[in-house]
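Note that the protein sequences, when read in sequence, are chains A and B.
Here the numbering used here = 1-based position in the first sequence + 987.
Here the numbering used here = 1-based position in the second sequence + 273.
Cβ coordinates follow ideal geometry from the N, Cα and C atoms, glycine included.
Data first, discussion second: the structure below is written as structure tokens.
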Amino acid sequence: MSRRVLLFLVLSLVFVSPALVRAEEYPARPITLINPLPPGGTLDLQGRAFAAVVEKYLGKPMVVVNKTGAAGAVGSLTVAQAKPDGYTLGLGWSAQTALIINEIAEGRKPSFTTDDFIVLGRFTDSSPVFLVPFNSPWKTIQQALEDIKAHPNTYSFSSGGIQSISHLPMEALIVEMGLKLRHVPFQGGGPAFTALIGGHVQCSAQYPGTSLPKIKARQLRVLASFSENRLKNYEDVPTFKELGYNVFHSSWVGMVAPKGTPAPIVERLRTLVKQVTSDPAFVDVIEKAGDEVDYADAETTRKAWGKEYERLQKLLSRMEREKKQ
Amino acid sequence: MIDAFIGMGQGFLIAMTPQNLYYCFIGCLFGTIVGVLPGIGPLAGISLLLPATFGMQPVSALIMLAGIYYGAMYGGSTTSILMNIPGEAASVVTCIDGYQMARKGRAGAALFISAWGSFIGGNLSVLGIALLAPALADFAVKFGPAEMFAIMILAMMLVGYVGSGSVLKTMCMVVLGLFLGTIGMDIMTGYLRMTYGVKELADGIGFIPVAMGLFGIGEILSSTQDTLVREVLKPKLRELLPNREELRRSWGPIGRGSILGFFIGLLPGAAHIIAGFASYALEKKLAVRPEEFGTGRIEGVAGPETANNAATGGAMIPFLSLGIPSGPATAVMMIALLIHGIKPGPLLIQENPEVFWGVIASMYIGNVVLLILNLPLVGIFVNLLRIPFRLLFPIILTICLIGVYSVNASPAELWIMLISGIVGFVLRRFQFDVAPLILALIIGPMMELAFRQSLMMSGGSFKVFVGSPISVTLISVSALLLMGSVVRPLLAARSPKTHL
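Here it is in structure tokens:
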């Protein structure tokens, strides 16, 4: 054996072995969970509640880092480009899909696509509700829809931002029903609620958890839900579907890893999602915030993501067409 | 009213438990630290300690996080006064007169008054919450986009009063600030404006790195040009305290700043920043010799430092009684409550009185803690000026870099800060006052958003801006101010002739 070969072997051992050892001992250090949205939202709540339980199962803590910017594009790109070693993970959610579709629609090459991520599992999947101020003349959804139809371009709705998870459901309704309703985007869900409670806009689609206390306090009234079936805590609120309108929206939150993460680590993390989402500590936080844990394994989540991609693509292209008319 | 007193009593019982006193102290201490360190503000501090609250009682968690929030307002003035570097975005205007006071050897007095004003402002605003919270919550939701636009118009009018240079130079700075505010992703449409393909610019130019750069880095660069050796002051105890004249002149600004700050605090957005400079503008407007502002007037420190503290109290109202956080810092506090299953909202005061009153009572205690904590620190901080500048400035530069990076973990913001520093240095050479630039950068995007949202709601009709009593009043005040500043010089120009 020549010296050179020996040197090569020794060197390769030096470089390769830490990787092998690390894979066996994963995780050897704290894991970073990137949240591409600012603190204070649903995503942040779920991410932090998840991270708080992780140490119990992995023996190492998980730290949530808010890497915000450009409606989540900056953080998502950070996850996509992270070293695929299982130490940098990200939160995945519906509006990410819209970001990608939008980039393509604008004629740009998206800096990341759904293929850049390995899905690890879903925490929750929730549908928004259609809200009006408590003193609104609209008492039923039919009444509201008729009035909006009869007075095109008169009423407006608030959302937490363009193509956010509170904008897309309203667009689904608008496109399906052929409504003319003005969109007033705000910076985040908080100001969108303020505008609705203050009567500056006439309606809004918001999520059940944050809406419930305001409904109970008789500041807001709920007329319908965008869900498949009636929602928990909203049992007497009809869904658009059951009223015969083909309007549906749901928004998921889950965890993703960058493409190229080694299979054993991916397996470990997929199990972790399952473990944490059935841990009482996590379930408790989500339920107290008014949401429901709806775990789905990686394969189901991936499929649902694909379906959502198609649905949003159709919606956004129809929105584009409407705008041009 | 009676309910409020019973509630407060209950609150004190909760806030005075050893455990909660401890968390209150930790929050205040941590808040002072993040306030003192340039770049790191209350948001970073609260986010950092949020995970630690998961295992706590919800009241304790909120007591600690709120302590960081108002504690940061105490610390924020320190570096502004000593080194002309805003320790916290809300202390930008404190730099103007505070630093000049320090150069005259009155750093101790400025720090003392700033802590004292913060204490008064903090306490009065807590009293405001206890007595007025439910009524004011309803008032806060009346501020829709049109009303916000009217506020922003008024704010823009006030920016003019802040600048100490010539009108033309102030206008230049305002326009530059407004321009910088248009860079980045448009919130209404998602289009990228003036980013030229630079992805990092999609988020726009943040005012924190710009403020740190223009003031802090600019100051450091300027100091290299100073030919005169800076006097290292050896403060005696008597010089640490404000003299009778300074105390007398501070009462008015502190009183007005408390009320102004509290009400501005109710508004969404960067309330504590706007509160500070609105108070500065007010004091300058009321002053007998406004031209002395910018040369180290105690009023220019007392007013803003009181107002930004009072604003933190006001900002707690929409959060506690509506469940609507008015800014990112209160948004994180809301998460802390949600994680414990407590939903801030109109029913909080009935469903969780221990949280509502406990936190309010703790804010009283916290303000006392902060005063006790900060007054002895005045002596220590002033002694920092004894460190030779060649040693002090590299340390400050490092702290600025770490501080700015810690906010968004964005290398782009470091570049923005350094470039702003060079720009600030050049502007300083030509006697431009950079404060109006930063204020325009903060107000510009908010004003644009409110303007477009209003027109979106009204379908393009400008009537929306005079659609409510609130906006009519605000716009009238702005119009009067504008007329005043046009008419007064004309009258002044004419009056000598009449005397002849």
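Residue closest to residue i, alpha-carbon to alpha-carbon, out of the options
| i | options | result |
| --- | --- | --- |
| A/Val1106 | A/Gln1300, A/Ser1304, A/Gly1293 and A/Glu1297 | A/Gly1293 |
| B/Phe550 | B/Leu658, B/Ala765, B/Ala382 and B/Val435 | B/Val435 |
| A/Ser1153 | A/Lys1136, A/Pro1178 and A/Gln1129 | A/Pro1178 |
| A/Gly1079 | A/Ala1015, A/Ala1182, A/Arg1305 and A/Pro1245 | A/Pro1245 |
| B/Gly491 | B/Val745, B/Asp706, B/Arg761 and B/Pro762 | B/Asp706 |
| A/Ile1202 | A/Pro1097, A/Val1171 and A/Val1224 | A/Val1224 |
| A/Ile1021 | A/Gly1241, A/Trp1125, A/Thr1197 and A/Ala1192 | A/Gly1241 |
| A/Arg1255 | A/Thr1084, A/Leu1076 and A/Asn1053 | A/Leu1076 |
| B/Val739 | B/Gly717, B/Ala580, B/Pro577 and B/Ala423 | B/Ala423 |
| B/Ser599 | B/Phe416, B/Asp276 and B/Pro667 | B/Phe416 |
| B/Leu670 | B/Gly312, B/Ile478, B/Arg570 and B/Ile716 | B/Gly312 |
| B/Ser727 | A/Gly1186, A/Gly1094, A/Leu1302 and A/Val1253 | A/Gly1186 |
| A/Val1066 | A/Val1243, A/Ala1137, A/Lys1096 and A/Leu1030 | A/Val1243 |
| A/Ser1214 | A/Val1188, A/Val1263 and A/Pro1156 | A/Pro1156 |
| B/Phe392 | B/Gly348, B/Arg379, B/Asn625 and B/Ser693 | B/Gly348 |
| B/Leu559 | B/Met289, B/Arg522 and B/Ala544 | B/Arg522 |
| B/Gly401 | B/Thr746, B/Tyr464, B/Thr585 and B/Val628 | B/Thr585 |
| A/Gln1068 | A/Thr1248, A/Tyr1296, A/Leu1299 and A/Arg1298 | A/Thr1248 |
| B/Phe698 | B/Leu355, B/Gln498 and B/Ser439 | B/Gln498 |
| B/Tyr372 | B/Gly733, B/Phe566 and B/Trp688 | B/Phe566 |
| A/Ala1268 | A/Phe1099, A/Gln1033, A/Glu1012 and A/Thr1029 | A/Gln1033 |
| A/Met1164 | A/Phe1180, A/Gln1193, A/Cys1190 and A/Glu1133 | A/Glu1133 |
Under 8 Å between C-beta atoms of residue i and residue j
| i | j | result |
| --- | --- | --- |
| B/Val642 | B/Pro482 | no |
| B/Gly394 | B/Ala583 | yes |
| B/Pro407 | B/Ser594 | yes |
| B/Leu555 | B/Ala382 | no |
| A/Gly1148 | A/Pro1172 | yes |
| B/Gly525 | B/Ala548 | no |
| B/Ala682 | A/Lys1054 | yes |
| B/Phe488 | B/Leu714 | no |
| A/Ala1092 | A/Leu1303 | yes |
| B/Val574 | B/Asp370 | yes |
| A/Arg1208 | A/Phe1144 | no |
| B/Ala484 | B/Pro359 | yes |
| B/Tyr343 | B/Gly304 | yes |
| B/Pro601 | A/Pro1026 | yes |
| A/Lys1290 | A/Gly1108 | no |
| B/Leu657 | B/Leu322 | no |
In DSSP terms, what residue i is bridged to
| i | result |
| --- | --- |
| A/Thr1019 | A/Val1050 and A/Thr1075 |
| A/Thr1226 | A/Ser1212 |
| B/Phe465 | For the sequence presented, residue 465 of chain B should be read as Leu rather than Phe. Note: B/Leu465 sits in a beta bridge opposite B/Met458. |
| A/Val1040 | A/Val1040 pairs with nothing; no bridge assigned. |
| A/Ser1191 | A/Leu1118 and A/Ser1145 |
| A/Ala1283 | A/Arg1109 |
| A/Leu1207 | A/Pro1120 |
Range covered by the beta strand (DSSP E) that runs through residue i
| i | result |
| --- | --- |
| A/Ser1146 | Ser1143 to Ser1146 |
| A/Arg1169 | Arg1169 to Pro1172 |
| B/Ala362 | Premise fails: B/Ala362 is in no beta strand (DSSP E) and is neither H nor E. |
Bounding residues of the alpha helix (DSSP H) (the contiguous stretch that carries residue i)
| i | result |
| --- | --- |
| A/Ala1244 | Looking at the DSSP string, A/Ala1244 is not in any alpha helix (DSSP H); the run it does join, the beta strand (DSSP E), is Ser1238 to Pro1245. |
| B/His545 | Ala544 to Leu559 |
| A/Val1270 | Pro1267 to Lys1275 |
| B/Gly717 | Ala708 to Ser731 |
| B/Ala584 | Glu572 to Leu595 |
| B/Ser333 | Pro331 to Met356 |
| A/Gln1150 | Element bounds for A/Gln1150: n/a, residue is neither H nor E. |
| B/Gln292 | Pro291 to Val309 |
| B/Ile386 | Ala380 to Val414 |
| B/Phe535 | Arg517 to Gly538 |
| A/Asp1278 | Counting along the chain, A/Asp1278 falls outside any alpha helix (DSSP H), and DSSP gives it neither H nor E. |
| B/Gln623 | Leu621 to Glu624 |
| A/Val1260 | Ala1250 to Thr1264 |
| A/Met1157 | Leu1155 to Met1164 |
| B/Met485 | Here B/Met485 belongs to no alpha helix (DSSP H), and DSSP marks it neither H nor E. |
| A/Ala1067 | Ala1060 to Gln1068 |
| B/Leu611 | Pro601 to Ile612 |
| B/Ser775 | The structure shown does not extend to residue 775 of chain B, since chain B is modelled only from 274 to 773, so the question has no answer here. |
For this session: Identify every run of the alpha helix (DSSP H) within the stretch 1073-1130 of chain A, keeping only runs that are complete inside it and at least 4 residues long; order them along the chain.
Result: Listed in chain order, the complete alpha helix (DSSP H) runs (minimum 4 residues) inside the stretch 1073-1130 of chain A are 1081-1092.
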